[in-house]
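Just so you know, the sequences run in chain order Z and D.
If you're matching positions, the first sequence starts at 1 in the numbering used here and goes up one per residue.
If you're matching positions, the second sequence starts at 1001 in the numbering used here and goes up one per residue.
The C-beta atom is built at its ideal place from N, Cα and C for all residues, glycine as well.
Predicted model, so just to flag it, every value in this text is computed and none were measured.
Notes for the one structure printed next.
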Amino acid sequence: MSSLTKHNRVAYLYIAPWLIGFFCLTLVPFVSTFVFSFTDYSVLRPPTFVGLANYVKMFTEDDLFPKSLWVTTKYVFISVPLKLAFALLVAIILNKNIKGIGLYRTIYYMPSIFGGSVALSILWRMLFQGDGFINRLLATVGIMGPDWLGDQRFSLITISLLQVWQFGSSMVLFLAALKQVPEYLYEAARIDGAGKLRIFRSITLPLITPIVFFNLVMQTVNAFQSFTTAFVITSGGPLHSTYLYAILLYDNAFKYFKMGYASALSWVLFMILMVVTGFLFKSSSSWMHYMDTES
Amino acid sequence: MKRKNNLLTYIGLSLFAFVMIYPLIWLVFSAFKDTQEILTSDRLWPSSFRLDGFIEGWKGEGRPKFSVFIWNSITLTLPTVILTIISGVLVAYGFSRFSFKLRKPLFAIMIGTILLPNTVLLIPRYLIFRNMGMLDSYLPFWLTAAAGVPFFIFMFVQFFHGIPRSLDESAYLDGCGSFRILWSILIPLLKPAIFSAAIFQFIWTWDDFFQSLIYISSVDKYPVTLGLRLSIDAMGIPPWNQIAAMSVVAILPSVLIFFAAQKYFVEGIATSGLKN
């Protein structure tokens, strides 16, 4: 192979930061979480082994566990599909050789710059609180808006909307993927007399499935771990209607210092995410296309 | 027909853009109103541009000045970014330009950790940093960055693959050592990637809330995110004008960087994929 192969042992020197980091900050923690999950551990006292007690407690005693799991599931099912739908739709429109695409792309992307910033959560609270901007706006057209953040029927949706608003990063990825679709395929389809919708369904969509898949996995995994918005705006309330799983985890670990129980909670979340991504990967084989396997 | 369609598209896109950007504009203008006006007026334009929100918010009552939070965020963020870049480039260089026995399995593990949910590492990491007496300092952030952030390592590997190997080979034949090759040949070519990584890591670290919440406990060490939250947790009617003003200050660095480096931003996302 290349002349640089002679240096091969030098490579370990270059990857050393990651190797050491991986061992100390990933592998060891990964295993310890699992071990701690079978203990009663309150930081100040050394952990004591309690067998499966933490897991039993989760499924029998702790009402907040099923509650937060349900809240999180709803949150994922509201925010991820909406966010991706917006991202894809806008990307498709922007891909039509629109003049000033740069400007639109910038504007749509703007909210995504700030990610999980506290400032955005604060903005959301100012907009959606009972006498906030949104309700005053609705009032001008004669609609009595609900208490978006204080009413448990609306609080979770309001929080999810902040996620959806940040569809920009997924959109940019879709745009990049759309640009990759070779023009000759469209031409060929047009010559064959295919309509717009048909072209989209049979050419565009199949060819961007890898990036759809990538976005879907990343957004789902992230949404399951969402924390800041709900924590800052509603602290999980009212009536635990926005009590996301990450808040449950935080409360147990850093408010009550039940490290053992919190470890068990995080391990369960890890298993759930494994199952969900596994399911997505498995299902993807039936709908995902790769350009190079076809040609 | 076609033209009419186009016009409709533009109108639709512009309306939607307006709705998208409006909350941010609203926040900026609110910062110049007083609290009463924020809570009652429907007009976007402030009746008069007041600087009270900025002045009072900056001083802050019963808490450190906002400049302290800003300075804290800077001392937290800058070393994190620099260490992320250094470790990322070195590790990516090791993975992409050498062949060694464990390359494939180690690389696969590295990629695997990108998908590993952070929550599963959270508690032991906290305990490790606690045992090392590093809580309430920025060392947990710096150390994690120095250990290489898999997402950025992967991004750099992708960029290394785009640089022809023949460049290194000829330098090698000229007697250059491997570090010399990296330093004087590859890094100059890698600048766009380094730039995008720096931007993303800056913004993510600047905006990070969860880790700061866990690791930092004393108020005078709070970064901007935690400082901002202090203000809305105050008792009574929150001083919304100050909160709006300080929110604007908090997001300003990200906005400036975004506009100054938009090109790298979009390229960075397009080439590597983005987690947010």
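Notebook entry, point to check: Under a CB-based cut-off of 8 Å, is D131(Z) close to chain D?
Noted result: yes
Note to self: I need the straight-line Cα distance from I1114(D) to L1051(D), nearest angstrom please.
What the structure shows: 44 Å
Checklist line | 8 Å CB neighbourhood of I98(Z) in its chain, flanking five on each side removed | finding: Y104
Notebook entry, point to check: Do you know how far the Cα of L1230(D) is from the Cα of L24(Z)?
Noted result: The sequence given here has Cys at residue 24(Z), not Leu. Those two C-alpha atoms are separated by around 33 Å.
Next item on the list: Quick one: using the 10 Å Cβ neighbour count with 16 as the cut-off for buried, is K83(Z) buried or exposed?
Entry: buried
Checklist line | Burial state of D1034(D), where buried means 16 or more other Cβ atoms lie within 10 Å | finding: buried
Checklist line | Among S1196(D), W1045(D), S1217(D), G1227(D), nearest to P1064(D) - alpha-carbon criterion | finding: G1227(D)
Item checked: Close beta carbons around V181(Z), own chain, < 8 Å, minus the five adjacent residues each side -> I203, T204, L207, I208
Next item on the list: Starting from D40(Z), follow its DSSP beta bridges and name the residues at the other end.
Entry: T48(Z)
Margin query: Distance check for P1023(D) and V1241(D), CA to CA, integer angstroms please.
Written below: Checking the displayed sequence, the identity of residue 1241(D) turns out to be Asn instead of Val. When rounded, the distance between both Cα atoms is 15 Å.
Next item on the list: Could you list which residues in chain Z have their beta carbon closer than 7 Å to that of F1284(D), in chain order?
Entry: Look at the range of chain D in this structure, 1001 to 1276, and you will see that residue 1284(D) is not part of it.
Check: Does the segment 243–262 of chain Z touch the segment 1097–1108 of chain D, meaning 3 or more C-beta pairs lie closer than 8 Å?
Finding: no
Item checked: E61(Z), enclosing alpha helix (DSSP H) - first and last residue -> Note, E61(Z): premise wrong, no alpha helix (DSSP H); not H, not E.
Item checked: Beta-carbon proximity list for A352(Z), same chain, < 6 Å, skipping 5 on both sides -> Since the displayed chain Z opens at 1 and closes at 295, residue 352(Z) lies outside it and no answer follows.
Check: Does V221(Z) get closer than 8 Å to chain D when you measure Cβ to Cβ?
Finding: yes
Checklist line | P81(Z) (DSSP reduced to helix, strand or coil) | finding: helix
Margin query: Using the three-state DSSP reduction, which class does P206(Z) fall into: helix, strand or coil?
Written below: helix
Checklist line | Proximal residues, the segment 223–247 of chain Z versus chain D, C-beta separation under 7 Å | finding: Q225, F227, T228, V232, A246
Note to self: Please list the terminal residues of the continuous alpha helix (DSSP H) segment that includes E1056(D).
What the structure shows: 1052–1059
Margin query: Within 8 Å of any Cβ in chain D, is that where the Cβ of S295(Z) sits?
Written below: Caution applies to S295(Z), whose pLDDT of 35 falls short of 50 and renders its modelled position unreliable; the value that the coordinates give is listed next. It does not; no Cβ of chain D falls within 8 Å.
Check: Residues in the segment 74–95 of chain Z with C-beta within 7 Å of chain D's C-beta atoms, listed in sequence order?
Finding: I93
Next item on the list: Could you pull the start and end residues of the alpha helix (DSSP H) that Y243(Z) belongs to?
Entry: Unbroken run through Y243(Z): none, as it is neither H nor E.
Item checked: Buried versus exposed, by CB contacts within 10 Å (16 or more), N252(Z) -> buried
Margin query: Given this structure, state the Cα-to-Cα distance separating L64(Z) from K57(Z), to the nearest angstrom.
Written below: 11 Å
Check: Helix, strand or coil for L1139(D) per DSSP?
Finding: helix
Item checked: Unbroken alpha helix (DSSP H) run spanning L1228(D), endpoints -> 1224–1232
Checklist line | Option in F257(Z), F213(Z), A53(Z), H240(Z) with minimal Cα separation from G278(Z) | finding: F213(Z)
Notebook entry, point to check: I think S155(Z) touches T242(Z), with their Cβ atoms under 8 Å apart; what is that distance to the nearest whole Å?
Noted result: 5 Å
Note to self: Measuring straight from C-alpha to C-alpha, what distance separates S1047(D) and V71(Z)?
What the structure shows: 42 Å
Next item on the list: Please classify W1026(D): does DSSP put it in a helix, a strand, or coil?
Entry: helix
Checklist line | Same chain only: Cβ atoms within 8 Å of I1257(D), ignoring 5 sequence neighbours per side | finding: I1199, F1202, I1203
Check: Using 8 Å as the limit for Cβ to Cβ distance, is L1015(D) near chain Z?
Finding: no
Check: When you check each C-beta in the segment 1170–1189 of chain D against every C-beta of chain Z, which residues fall closer than 8 Å?
Finding: Y1172, L1173, S1178
Check: Which residues in chain D sit within 8 Å of R198(Z), going by Cβ to Cβ distance?
Finding: Near R198(Z) there are no residues of chain D at all, since even the closest Cβ is about 18 Å away, more than 8 Å.
Check: From A119(Z) to V1249(D), what distance separates their C-alpha atoms?
Finding: 9 Å
Check: Mind pulling the chain Z residues with CB within less than 7 Å of P1064(D)?
Finding: None at all; the shortest Cβ gap to chain Z is about 16 Å.
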